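With the first letter of the sequence shown counted as 1, position 72 gets the number 72 in the UniProt record's numbering; the numbers rise by one all the way through.
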Amino acid sequence: MIWRVTDPQGDEAAKIRWELPQYTRGIVLDLGCGTRKAFPHFVGVDNGHHEAAFGIPVRPDVFLPSCERLALFADESV
Numbered sequence: 001m002i003w004r005v006t007d008p009q010g011d012e013a014a015k016i017r018w019e020l021p022q023y024t025r026g027i028v029l030d031l032g033c034g035t036r037k038a039f040p041h042f043v044g045v046d047n048g049h050h051e052a053a054f055g056i057p058v059r060p061d062v063f064l065p066s067c068e069r070l071a072l073f074a075d076e077s078v
């Protein structure tokens, strides 16, 4: 997949969703999931900034201010 300015923008995970299963097993964190997770069983993590900035509803499973520190998952609890 090559990014092009002329291609539709948004929901980037949907553009590659069928390439993901070969790289995933078990519980998967979808970091920055936005309005939609790549697959329903993924654990969506987002900071909700699109909702605050643009009014786009974001409903991740876990709200975190940043994906830089994932202490919630540090003990490999997922």
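For each residue, glycine too, the CB sits at the ideal point set by N, CA and C. Keep in mind the model is a prediction, meaning the values are calculated, not measured.
Buried versus exposed call for residue i [16 or more other C-beta atoms within 10 Å across all chains shown]
i	result
P65	exposed
P60	buried
C33	buried
V5	exposed
Proximity winner among the options, relative to residue i (alpha-carbon distances)
i	options	result
A71	E51, P57, V45	V45
D11	V58, A52, F73	V58
P21	P40, P8, Q9	P40
Cβ shell of residue i (< 7 Å), same chain only, five flanking positions each side left out
i	result
I56	T35, H50
Close-in-space but distant-in-sequence residues of the same chain around residue i (CB under 6 Å, 5 per side omitted)
i	result
D30	K37, A38, F42, G44
Strand pairing of residue i, partner residues [DSSP]
i	result
residue 80	Past the boundaries of the shown model lies residue 80; the chain is included only from 1 to 78, so the question cannot be answered.
8 Å CB neighbourhood of residue i in its chain, flanking five on each side removed
i	result
P8	none
Segments assigned alpha helix (DSSP H), at least 4 residues, entirely inside the stretch 3-59: For the stretch 3-59, whole alpha helix (DSSP H) runs of length 4 or above, ordered along the chain, are 12-16, 49-54.
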